[in-house]
Amino acid sequence: CYFSGEPVSVADLNAETDRWPRFVPAALDAGFTSVHAVPMRAAGIVLGALGLFGTRPGALNDADRLVGQTLAHIASVAILQECPPTPSTVMQQLRKALTSRVHVEQAKGFLRESLDVS
Numbered sequence: 329c330y331f332s333g334e335p336v337s338v339a340d341l342n343a344e345t346d347r348w349p350r351f352v353p354a355a356l357d358a359g360f361t362s363v364h365a366v367p368m369r370a371a372g373i374v375l376g377a378l379g380l381f382g383t384r385p386g387a388l389n390d391a392d393r394l395v396g397q398t399l400a401h402i403a404s405v406a407i408l409q410e411c412p413p414t415p416s417t418v419m420q421q422l423r424k425a426l427t428s429r430v431h432v433e434q435a436k437g438f439l440r441e442s443l444d445v446s
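For the sequence shown, our numbering gives the first residue as 329, with consecutive numbering after it.
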């Protein structure tokens, strides 16, 4: 969610033990069976992710998804009120984002060449 900027939803954690071998048992022990993450954005930049944990398996319905997105937006505004960005921090973040994007594109090119796919 944080890297893609897209919401992530896991309707049943029991099906994800291979994906998250340490997280899933801890979440299940705490009584959670589903988990959802909503990106926290400001000006198109992902600041973080808001985690929503469910005690019943299942996907978020439209109303719950809207509430999650609204809460993520409110949290983003609160964070920016407490720690407003400065020109130097914004430039630093943009450089980091561009650098990481270059690495992703290089890796994609390597995989395309290695696997002979387009």
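Even glycine gets a Cβ: it sits at the ideal position worked out from N, Cα and C.
Treat the numbers as computed from the prediction; the structure is a model and nothing was measured.
Point to revise | Option in L341, V366, A370 and P367 with minimal Cα separation from L356 | key: When each option's Cα is compared against that of L356, the closest is L341.
Review point. What's the C-alpha gap between T427 and E344?
Key: 31 Å
**Study point:** Unbroken beta strand (DSSP E) run spanning G386, endpoints
**Key:** Where G386 is concerned, there is no enclosing beta strand (DSSP E), given that its DSSP letter is neither H nor E.
Check your understanding: Is the number of C-beta pairs between the region 399-415 and the region 355-371 that are closer than 8 Å three or more?
Key -> yes
**Study point:** Helix, strand or coil at S362 [DSSP, three-state]
**Key:** strand
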